[in-house]
Structures are given as structure tokens and as C-alpha cells.
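In short: position in the sequence shown from 1, add 364, done, that's the working numbering. Every residue gets a Cβ at the ideal spot worked out from N, C-alpha and C, and that includes glycine. Here's the structure, in C-alpha cells; my notes come after.
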Amino acid sequence: MLEIIATSVEDAVNAEKGGAGRLEIVRDLSQDGLTPDLELVKQIYETVNLPVRVMIRPRDSFTGFSQHEIEQMRAQVKLLSGIGIDGIVIGFLTPEGEPDEARLKYVLGPQKKIGVTFHRAFDQVTDPIRAMRQFTSHGLVDRVLTSGLASSAMQGWKRLAALRGLQNKHLKIIAAGGINADNIALLARRTGIKEFHVGRGCRIPPTEAGIVNVEKVRNIVRALESLDID
């Protein structure tokens, strides 16, 4: 399954035309994705027929959020859960480099449960195996977005394969970082992972300012469809 980052309605439409299976809506790719405007989320949700997950991240950080920022994120989650989206993308770390379960639980709030992807804050944890086991035990998260704690998914493939071994039916790994049509098949074979996250690798130009390209998405999807992963 291919998840594509969308920063505009055009991105979303092109991703759907190319065969993407899910969208992650963000703004400001130059800061690795921040919380998008609510109106953009609504426009994309009403335009495409794909599951949508939305980034909740007020600034380029994984720690040190003020109480005002925490309350703002909690309110955003509540609003988004009422729209009907598939889920949110979020993550917090303690000063010790562990997933901040208490803060995550507070921000998610008591509203109807939606899907939760723990974003690439995971790539800064001190002990990824323990973090995965923590996610398995508390059940707050159903996806973990990671490059295997490396600069790219290809460089982190061994750890990705190890993390995949800790998956269960309620918690899945999404491989991310430098993925494109040229390397996704090899990465899938090496790791056995079935879900992949692509940002710049499907854009023209392949930068933060690029636009999702239908044919690039289609080529990545074809590479995945050529595989038979158990």
C-alpha cells in the first residue's frame, strides 16, 4: 500500500489518479510537514475517495511543546475526528527519547477513536524495540512511520525488517525516507513491509516545492504490484 504526502488538492487528485492507497495531508514540507489548514483538509476529503490522515504538528519539533500548543493540538484532533478522516499523524518524545504516552493520550482525548500514525519522531527514540512494544501494549497507535532510524529507508532496511517482526494485526510499520520507483521493490523484498510512504520521490521537481506527478505515483504502484509479499 502506497501512502502519498499531499500539500494541495492537486497533489491529492494526482495521487489518487496514480493509484495511491492513502494520503497524508501536511503543509510546509521544508519542515518535514506541519499541521495543514482545516479548509484544505475538508477540500481534499471531499474531492478524493482515499483514506486521509492529517499531520498534527504546530512546529518543527518533537519535544518542548507549550501547554498552549498541546491544547491547540487536542482541539485540532477533536475537530478532525468529526470530519470523518481515517486518522491523524502525530508524535511526542520525552526528554529521555521515549514516546510520550501520557501526552499522546491527552491530545487524542476521549472522542471517537480514529487511526493514529506515530510520525518520524520515532526515528529519534533511544530504544526502537522498546518503543514498539510500548505501542503494542497501550494500543493508542496503529501505524509507525519510520526509516529504521537512518537517513533513508534503504540505509535502515535491517532495522525496518526487525521492527516489522514486532508488528501485529493492530500495529503496522510504514517505511519512509527516500523511497521511489527505483528502490521500493528491493526495500519491500528485504523488509517484508507492505506499507510505504512517499513524499519527494513522486514529485516534479523532486523537492519540497514539487507537485505530485501521476505517472511517478503510477510507476511506484506498479513496482509494488509486481511483488508477492507474504
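Item                                                                                                                                                              : Value
CA-CA distance, Asp-594 and Arg-582?                                                                                                                              : Residue placement at Asp-594 is flagged as unreliable, the pLDDT there being 49, under the threshold of 50; the coordinate-derived value follows with that caveat. Going from the Cα of Asp-594 to the Cα of Arg-582 covers about 22 angstroms.
If you run the structure through DSSP and keep just helix, strand and coil, what is Ala-573?                                                                      : coil
Grouping DSSP H, G and I as helix and E and B as strand, with all else coil, what is Ile-434?                                                                     : helix
Check whether the region 532-545 and the region 435-449 touch, using three or more Cβ-Cβ pairs below 8 angstroms as the test.                                     : no
Please report the straight-line C-alpha distance between Ala-540 and Val-508, rounded to a whole angstrom.                                                        : 10 angstroms
Starting from the N-terminal side, write out each stretch of the alpha helix (DSSP H) that is 4 residues or longer and does not extend beyond the region 428-506. : 431-445, 465-472 and 492-502
Taking the C-alpha atoms as reference points, what is the distance between Leu-457 and Val-412?                                                                   : 33 angstroms
For Thr-555, name the three-state secondary structure that DSSP assigns.                                                                                          : helix
How is Asn-583 classed by DSSP in three states: helix, strand or coil?                                                                                            : helix
How long is the line joining the alpha carbons of Gln-519 and Gly-397, rounded to whole angstroms?                                                                : 22 angstroms
Nearest to Asn-336 by alpha carbon, out of Ala-525, Leu-414 and Thr-571?                                                                                          : Any answer about residue 336 is impossible in this case: the structure gives the chain only from 365 up to 594.
How would you call Leu-550, buried or exposed, if buried means at least 16 neighbouring beta carbons within 10 angstroms?                                         : exposed
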